[in-house]
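Report on the following structure.
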Amino acid sequence: MTVDIPVDASAAFVWDVVRDIYAPHKRLIPGAAVAVDQAPDARIVTFADGMKATERIVELDDDARRLVYQATEGAPLTHHLGTQVVREDDTGVYLVWTTEFAPASLQDWATSLMNELAELMKKTIDAAYASQL
583 MTVDIPVDAS
593 AAFVWDVVRD
603 IYAPHKRLIP
613 GAAVAVDQAP
623 DARIVTFADG
633 MKATERIVEL
643 DDDARRLVYQ
653 ATEGAPLTHH
663 LGTQVVREDD
673 TGVYLVWTTE
683 FAPASLQDWA
693 TSLMNELAEL
703 MKKTIDAAYA
713 SQL
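Position 97 of the sequence shown, counting from 1, maps to 679 under the numbering used here, and the rest follow consecutively.
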């Protein structure tokens, strides 16, 4: 599943937020994530409902403005691979968020959660960027 999130911010600003891998609870999805702990090549994200997910950082590519992470434990999914790419074209700047997940029986739950978090990402990025102008 892929969600293109249009943002009212520069691509450089959005990438700075995304690449700050130990601060999504502060800069990307505050309130949904409440804490992040560092682990070797990973982060342990604590969500507002108390669930913790260990996410291995697969790739952090500044040139491509791409973050790839894989949930390795803690989530209700048996497989989760997430990719966030900052894309800029003549129509604007987008945070493109793609996830692969299993089991398929959680499709409705995962879709709803992604849409909810995408809204929060847009709101958070837009507000943070506007506050710097």
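Backbone N, C-alpha and C define an ideal beta-carbon position, used for all residues, glycine too.
Backbone secondary structure at residue i - three-state DSSP
i, result
"residue 625", "strand"
"residue 676", "strand"
"residue 689", "helix"
"residue 603", "coil"
Classification of residue i by the beta-carbon crowding that lies within 10 angstroms, buried from 16 upward
i, result
"residue 658", "exposed"
"residue 686", "exposed"
"residue 684", "exposed"
Cβ-based neighbour list, residue i, same chain, cut-off 7 Å, excluding 5 preceding and 5 following
i, result
"residue 651", "637, 638, 639, 640, 664"
"residue 602", "609"
"residue 587", "676, 677, 679, 700, 703, 704"
Residues that residue i bridges to, as DSSP identifies them
i, result
"residue 664", "651, 681"
"residue 587", "677"
"residue 636", "626, 655"
"residue 618", "627"
Spatial neighbours of residue i in its chain, beta-carbon cut-off 6 Å, leaving aside the 5 residues before and after
i, result
"residue 606", "615"
"residue 690", "none"
"residue 679", "585, 666"
"residue 654", "636, 638"
"residue 619", "626"
Same chain only: Cβ atoms within 8 Å of residue i, ignoring 5 sequence neighbours per side
i, result
"residue 693", "583"
"residue 624", "636, 637, 638, 639, 654"
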